[in-house]
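Here the structure comes first, spelled out in C-alpha coordinates, and everything after it is commentary.
In the working numbering, the protein residues as written are 5 to 315.
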(Lines of atoms letter the chains of each structure in order from A; the text may use other names.)
(Lines give C-alpha, C1' and ligand atoms only; values in the text may rest on other atoms or scores of the structure.)
Protein backbone atom coordinates (compact mmCIF):
# COMPACT_ATOMS: atom_id res chain seq x y z
CA UNK A 5 0.00 0.00 0.00
CA UNK A 6 1.55 3.29 -1.14
CA UNK A 7 0.58 6.95 -1.35
CA UNK A 8 1.36 9.02 -4.42
CA UNK A 9 1.50 12.82 -4.09
CA UNK A 10 0.51 14.93 -7.09
CA UNK A 11 -0.15 18.55 -6.08
CA UNK A 12 -1.70 19.39 -9.45
CA UNK A 13 -0.61 23.03 -9.65
CA UNK A 14 2.35 25.33 -9.03
CA UNK A 15 2.87 28.02 -6.40
CA UNK A 16 2.44 25.94 -3.24
CA UNK A 17 4.30 22.97 -1.77
CA UNK A 18 6.28 20.77 -4.13
CA UNK A 19 5.52 17.07 -4.08
CA UNK A 20 9.00 16.38 -2.75
CA UNK A 21 8.60 18.81 0.15
CA UNK A 22 5.25 17.37 1.11
CA UNK A 23 6.46 13.79 0.85
CA UNK A 24 9.36 14.61 3.18
CA UNK A 25 7.00 16.14 5.78
CA UNK A 26 4.60 13.20 5.62
CA UNK A 27 7.38 10.61 5.90
CA UNK A 28 8.59 12.36 9.04
CA UNK A 29 5.12 11.88 10.55
CA UNK A 30 4.84 8.25 9.44
CA UNK A 31 8.30 6.64 9.38
CA UNK A 32 8.24 3.54 7.23
CA UNK A 33 5.18 4.57 5.22
CA UNK A 34 5.52 4.29 1.45
CA UNK A 35 4.96 7.87 0.33
CA UNK A 36 6.10 8.90 -3.15
CA UNK A 37 6.18 12.17 -5.10
CA UNK A 38 4.88 12.14 -8.66
CA UNK A 39 8.46 12.66 -9.86
CA UNK A 40 9.37 9.19 -8.54
CA UNK A 41 6.13 7.17 -8.60
CA UNK A 42 7.63 3.70 -8.80
CA UNK A 43 5.27 0.85 -9.69
CA UNK A 44 1.84 2.43 -10.20
CA UNK A 45 0.12 -0.87 -9.39
CA UNK A 46 1.20 -0.34 -5.77
CA UNK A 47 -0.56 3.03 -5.39
CA UNK A 48 -3.72 2.86 -3.28
CA UNK A 49 -3.91 6.49 -2.12
CA UNK A 50 -3.53 9.58 -4.28
CA UNK A 51 -2.96 12.84 -2.39
CA UNK A 52 -3.78 15.94 -4.44
CA UNK A 53 -4.55 19.62 -4.21
CA UNK A 54 -6.07 19.60 -7.70
CA UNK A 55 -6.92 16.41 -9.57
CA UNK A 56 -6.17 16.97 -13.22
CA UNK A 57 -5.71 14.86 -16.30
CA UNK A 58 -6.26 11.13 -16.47
CA UNK A 59 -3.93 10.14 -13.62
CA UNK A 60 -6.52 7.92 -11.85
CA UNK A 61 -6.79 5.77 -14.98
CA UNK A 62 -3.14 4.79 -14.55
CA UNK A 63 -3.62 3.66 -10.96
CA UNK A 64 -5.48 0.32 -11.20
CA UNK A 65 -5.54 -0.29 -7.43
CA UNK A 66 -6.50 3.22 -6.35
CA UNK A 67 -8.87 3.19 -3.37
CA UNK A 68 -8.76 6.75 -2.02
CA UNK A 69 -8.16 10.27 -3.24
CA UNK A 70 -7.05 12.40 -0.31
CA UNK A 71 -7.65 16.10 -0.94
CA UNK A 72 -4.95 18.33 0.55
CA UNK A 73 -7.50 20.92 1.55
CA UNK A 74 -11.25 21.35 1.94
CA UNK A 75 -12.81 21.84 -1.50
CA UNK A 76 -13.51 18.62 -3.41
CA UNK A 77 -15.75 19.83 -6.25
CA UNK A 78 -13.14 19.10 -8.95
CA UNK A 79 -12.55 15.62 -7.55
CA UNK A 80 -15.91 14.01 -6.77
CA UNK A 81 -17.17 14.24 -10.35
CA UNK A 82 -13.83 13.84 -12.10
CA UNK A 83 -14.41 11.80 -15.29
CA UNK A 84 -11.31 9.66 -14.72
CA UNK A 85 -12.22 8.67 -11.16
CA UNK A 86 -13.98 5.32 -10.88
CA UNK A 87 -17.18 5.26 -8.79
CA UNK A 88 -15.71 2.92 -6.17
CA UNK A 89 -12.81 5.24 -5.32
CA UNK A 90 -13.40 7.04 -2.04
CA UNK A 91 -12.66 10.72 -1.44
CA UNK A 92 -11.59 12.39 1.78
CA UNK A 93 -10.79 16.00 2.52
CA UNK A 94 -9.05 17.89 5.30
CA UNK A 95 -10.60 20.16 7.89
CA UNK A 96 -7.45 22.03 8.87
CA UNK A 97 -7.71 24.68 11.55
CA UNK A 98 -4.76 26.83 10.48
CA UNK A 99 -5.97 27.73 6.96
CA UNK A 100 -9.48 28.21 8.32
CA UNK A 101 -8.11 30.92 10.60
CA UNK A 102 -6.09 32.33 7.69
CA UNK A 103 -9.19 32.61 5.50
CA UNK A 104 -11.08 34.34 8.31
CA UNK A 105 -8.14 36.74 8.73
CA UNK A 106 -8.08 37.37 4.98
CA UNK A 107 -11.72 38.43 5.04
CA UNK A 108 -11.15 40.61 8.09
CA UNK A 109 -8.14 42.28 6.44
CA UNK A 110 -10.24 43.47 3.51
CA UNK A 111 -13.08 44.58 5.74
CA UNK A 112 -10.63 46.63 7.81
CA UNK A 113 -9.01 48.03 4.67
CA UNK A 114 -12.27 49.85 3.96
CA UNK A 115 -13.33 50.48 7.55
CA UNK A 116 -10.05 52.29 8.23
CA UNK A 117 -9.87 54.08 4.83
CA UNK A 118 -6.47 52.57 4.05
CA UNK A 119 -6.73 53.01 0.28
CA UNK A 120 -7.85 56.61 0.68
CA UNK A 121 -4.94 57.37 3.03
CA UNK A 122 -2.49 55.82 0.57
CA UNK A 123 -3.93 58.00 -2.19
CA UNK A 124 -3.59 61.08 0.04
CA UNK A 125 0.04 60.23 0.72
CA UNK A 126 0.74 59.96 -3.02
CA UNK A 127 -0.46 63.59 -3.31
CA UNK A 128 1.37 64.76 -0.17
CA UNK A 129 -2.08 65.68 1.15
CA UNK A 130 -3.03 65.65 4.85
CA UNK A 131 -6.66 64.53 4.65
CA UNK A 132 -8.11 63.07 7.87
CA UNK A 133 -11.04 60.68 7.40
CA UNK A 134 -13.18 59.19 10.14
CA UNK A 135 -13.14 55.38 10.23
CA UNK A 136 -16.43 53.51 10.26
CA UNK A 137 -17.52 52.08 13.61
CA UNK A 138 -17.75 48.26 13.61
CA UNK A 139 -20.91 48.17 15.71
CA UNK A 140 -22.59 50.25 13.01
CA UNK A 141 -21.39 47.94 10.24
CA UNK A 142 -23.00 44.66 9.14
CA UNK A 143 -20.86 41.79 7.86
CA UNK A 144 -22.59 38.87 6.19
CA UNK A 145 -20.97 35.44 6.00
CA UNK A 146 -22.26 32.96 3.42
CA UNK A 147 -21.52 29.43 4.57
CA UNK A 148 -21.32 28.58 8.26
CA UNK A 149 -19.33 25.38 8.16
CA UNK A 150 -15.82 24.87 9.55
CA UNK A 151 -14.31 27.94 7.84
CA UNK A 152 -17.35 30.18 7.61
CA UNK A 153 -18.17 29.60 11.26
CA UNK A 154 -14.70 30.78 12.29
CA UNK A 155 -15.04 33.80 10.00
CA UNK A 156 -18.37 34.76 11.55
CA UNK A 157 -16.96 34.39 15.06
CA UNK A 158 -13.91 36.53 14.24
CA UNK A 159 -16.11 39.30 12.84
CA UNK A 160 -18.33 39.05 15.93
CA UNK A 161 -15.31 39.33 18.22
CA UNK A 162 -14.23 42.45 16.31
CA UNK A 163 -17.59 43.97 17.34
CA UNK A 164 -19.27 43.91 13.93
CA UNK A 165 -22.92 43.06 13.59
CA UNK A 166 -22.73 39.66 11.92
CA UNK A 167 -25.33 37.89 9.82
CA UNK A 168 -24.70 34.31 8.77
CA UNK A 169 -26.36 32.32 6.03
CA UNK A 170 -26.39 28.61 5.30
CA UNK A 171 -28.64 26.21 3.44
CA UNK A 172 -29.64 24.42 6.66
CA UNK A 173 -30.14 25.86 10.17
CA UNK A 174 -27.04 26.74 12.21
CA UNK A 175 -26.50 28.34 15.59
CA UNK A 176 -23.49 30.49 16.50
CA UNK A 177 -23.53 32.59 19.64
CA UNK A 178 -23.65 36.29 18.86
CA UNK A 179 -24.36 35.72 15.15
CA UNK A 180 -27.76 36.22 13.54
CA UNK A 181 -27.95 32.92 11.63
CA UNK A 182 -30.38 32.55 8.76
CA UNK A 183 -30.99 29.76 6.29
CA UNK A 184 -32.79 28.89 3.10
CA UNK A 185 -33.13 30.56 -0.28
CA UNK A 186 -35.78 33.06 0.79
CA UNK A 187 -33.60 34.38 3.61
CA UNK A 188 -30.58 34.95 1.37
CA UNK A 189 -31.91 37.84 -0.71
CA UNK A 190 -33.23 39.66 2.35
CA UNK A 191 -29.95 39.22 4.21
CA UNK A 192 -27.86 40.49 1.30
CA UNK A 193 -29.77 43.76 1.41
CA UNK A 194 -28.66 44.37 5.00
CA UNK A 195 -24.91 43.82 4.62
CA UNK A 196 -22.09 46.31 4.18
CA UNK A 197 -19.68 43.42 3.49
CA UNK A 198 -20.48 39.94 2.22
CA UNK A 199 -17.90 37.20 2.79
CA UNK A 200 -18.56 34.10 0.69
CA UNK A 201 -17.05 30.95 2.25
CA UNK A 202 -19.35 28.42 0.57
CA UNK A 203 -18.20 25.15 -1.02
CA UNK A 204 -18.89 24.44 -4.66
CA UNK A 205 -21.94 22.19 -5.01
CA UNK A 206 -24.76 21.99 -7.55
CA UNK A 207 -26.80 24.17 -5.19
CA UNK A 208 -24.19 26.91 -4.78
CA UNK A 209 -22.62 27.28 -8.23
CA UNK A 210 -23.57 30.65 -9.65
CA UNK A 211 -25.27 31.66 -6.40
CA UNK A 212 -23.91 35.18 -6.80
CA UNK A 213 -25.78 35.97 -10.01
CA UNK A 214 -27.56 38.98 -11.46
CA UNK A 215 -30.53 38.54 -9.11
CA UNK A 216 -28.61 38.11 -5.87
CA UNK A 217 -26.07 40.80 -6.75
CA UNK A 218 -28.91 43.24 -7.42
CA UNK A 219 -30.32 42.48 -3.96
CA UNK A 220 -27.21 43.87 -2.27
CA UNK A 221 -26.85 47.34 -0.81
CA UNK A 222 -25.23 49.90 -3.13
CA UNK A 223 -21.52 50.10 -2.35
CA UNK A 224 -21.33 46.75 -0.55
CA UNK A 225 -17.99 44.90 -0.71
CA UNK A 226 -18.16 41.28 -1.86
CA UNK A 227 -15.28 39.09 -0.65
CA UNK A 228 -15.10 35.63 -2.21
CA UNK A 229 -12.75 33.24 -0.42
CA UNK A 230 -14.86 30.14 -1.08
CA UNK A 231 -14.88 28.74 -4.61
CA UNK A 232 -14.59 30.61 -7.89
CA UNK A 233 -17.72 29.18 -9.49
CA UNK A 234 -19.96 30.64 -6.76
CA UNK A 235 -19.86 33.93 -8.69
CA UNK A 236 -21.30 34.54 -12.14
CA UNK A 237 -18.37 36.66 -13.31
CA UNK A 238 -20.01 38.37 -16.32
CA UNK A 239 -22.95 39.29 -14.08
CA UNK A 240 -20.52 40.58 -11.46
CA UNK A 241 -18.79 42.88 -13.95
CA UNK A 242 -22.13 44.31 -15.02
CA UNK A 243 -23.19 44.76 -11.40
CA UNK A 244 -19.91 46.49 -10.47
CA UNK A 245 -20.40 48.97 -13.30
CA UNK A 246 -23.79 49.77 -11.75
CA UNK A 247 -22.29 50.21 -8.26
CA UNK A 248 -23.90 47.17 -6.61
CA UNK A 249 -21.65 45.77 -5.31
CA UNK A 250 -19.26 48.67 -5.00
CA UNK A 251 -16.18 46.45 -4.93
CA UNK A 252 -15.27 42.79 -5.21
CA UNK A 253 -12.30 41.07 -3.57
CA UNK A 254 -11.72 37.75 -5.33
CA UNK A 255 -9.25 35.25 -3.96
CA UNK A 256 -10.79 32.55 -6.15
CA UNK A 257 -12.04 32.73 -9.73
CA UNK A 258 -13.72 30.34 -12.13
CA UNK A 259 -10.52 29.58 -14.04
CA UNK A 260 -7.20 29.54 -12.22
CA UNK A 261 -4.73 30.95 -13.06
CA UNK A 262 -6.91 33.75 -14.38
CA UNK A 263 -6.14 34.35 -18.10
CA UNK A 264 -4.32 37.59 -18.78
CA UNK A 265 -7.10 38.85 -21.07
CA UNK A 266 -9.85 38.38 -18.50
CA UNK A 267 -11.57 41.75 -17.82
CA UNK A 268 -11.48 41.15 -14.05
CA UNK A 269 -7.77 42.07 -14.08
CA UNK A 270 -8.36 45.63 -15.26
CA UNK A 271 -11.66 46.48 -13.58
CA UNK A 272 -11.10 49.39 -11.15
CA UNK A 273 -13.51 47.92 -8.59
CA UNK A 274 -11.94 44.46 -8.43
CA UNK A 275 -9.14 43.30 -6.14
CA UNK A 276 -7.60 39.97 -7.17
CA UNK A 277 -5.40 37.70 -5.08
CA UNK A 278 -4.05 34.36 -6.40
CA UNK A 279 -5.92 31.87 -4.18
CA UNK A 280 -3.78 32.58 -1.12
CA UNK A 281 -6.33 33.23 1.62
CA UNK A 282 -5.73 29.82 3.24
CA UNK A 283 -2.18 28.57 2.79
CA UNK A 284 -0.73 26.45 5.60
CA UNK A 285 -2.10 23.02 6.46
CA UNK A 286 -0.59 22.89 9.94
CA UNK A 287 -1.55 19.84 12.00
CA UNK A 288 -3.97 18.66 9.32
CA UNK A 289 -1.11 16.86 7.59
CA UNK A 290 -1.37 14.31 10.38
CA UNK A 291 -4.81 13.39 9.04
CA UNK A 292 -3.27 12.50 5.66
CA UNK A 293 -1.02 9.81 7.11
CA UNK A 294 -3.78 8.76 9.52
CA UNK A 295 -6.11 8.08 6.60
CA UNK A 296 -3.39 6.01 4.94
CA UNK A 297 -3.22 3.91 8.11
CA UNK A 298 -6.99 3.70 8.48
CA UNK A 299 -7.47 2.60 4.89
CA UNK A 300 -4.97 -0.20 5.35
CA UNK A 301 -6.60 -1.23 8.65
CA UNK A 302 -10.14 -1.13 7.25
CA UNK A 303 -11.23 1.60 9.68
CA UNK A 304 -13.50 4.60 9.05
CA UNK A 305 -11.75 7.45 7.29
CA UNK A 306 -11.41 10.97 8.62
CA UNK A 307 -13.57 13.53 6.79
CA UNK A 308 -14.78 11.20 4.06
CA UNK A 309 -16.88 12.90 1.39
CA UNK A 310 -20.25 11.80 0.07
CA UNK A 311 -19.47 11.89 -3.64
CA UNK A 312 -23.13 12.27 -4.63
CA UNK A 313 -23.69 15.27 -2.36
CA UNK A 314 -20.30 16.75 -3.23
CA UNK A 315 -19.13 17.41 0.34
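Even for Gly, the Cβ is constructed at its ideal location relative to N, Cα and C.
By the neighbour-count criterion, in which 16 or more other beta carbons inside 10 Å mark a residue as buried, residue 115 falls on the buried side. Minimum Cα-Cα distance from residue 75 among the listed residues 279, 231, 310, 304 corresponds to 231. Apart from sequence neighbours up to five positions away, the residues of its chain that approach residue 139 with a beta-carbon distance below 8 Å are 163, 164, 165, ordered along the chain. Across the structure, residue 72 and residue 289 are spaced so that their CA atoms are roughly 8 Å apart. Your pair residue 240 and residue 252 checks out as a contact, with CB atoms roughly 6 Å apart and the cut at 8 Å. At the C-beta level, residue 146 and residue 198 come within 8 Å of one another.
The beta carbon of residue 19 lies closer than 8 Å to those of 9, 10, 11, 37, 38, 39 in the same chain, with the five residues before and after it left out. Taken through DSSP and simplified to helix, strand or coil, residue 7 comes out as strand. In the three-state reduction of the DSSP assignment, residue 119 falls in the helix class, which pools H, G and I. The C-alpha of residue 272 is placed about 31 Å away from the C-alpha of residue 170.
Residue 220 and residue 213 have their alpha carbons spaced roughly 11 Å apart.
If you compare the alpha carbons of 70, 55, 29 with that of residue 7, the shortest gap goes to 70. Looking at 210, 216, 238, 248, the one whose alpha-carbon comes closest to that of residue 224 is 248. Positions of the beta strand (DSSP E) runs, each at least 3 residues long and wholly inside the region 143-175, are given as 165-170 in order along the chain. Under the three-state reduction of DSSP, residue 101 is assigned to helix. Under the DSSP definition of a beta bridge, residue 183 partners with 170.
In the DSSP assignment, residue 238 falls outside any beta strand (DSSP E) and within the unbroken alpha helix (DSSP H) covering 237-246.
Collapsing the DSSP output to three states places residue 70 in a strand. For residue 274, there is no enclosing alpha helix (DSSP H); the enclosing beta strand (DSSP E) covers residues 274-276.
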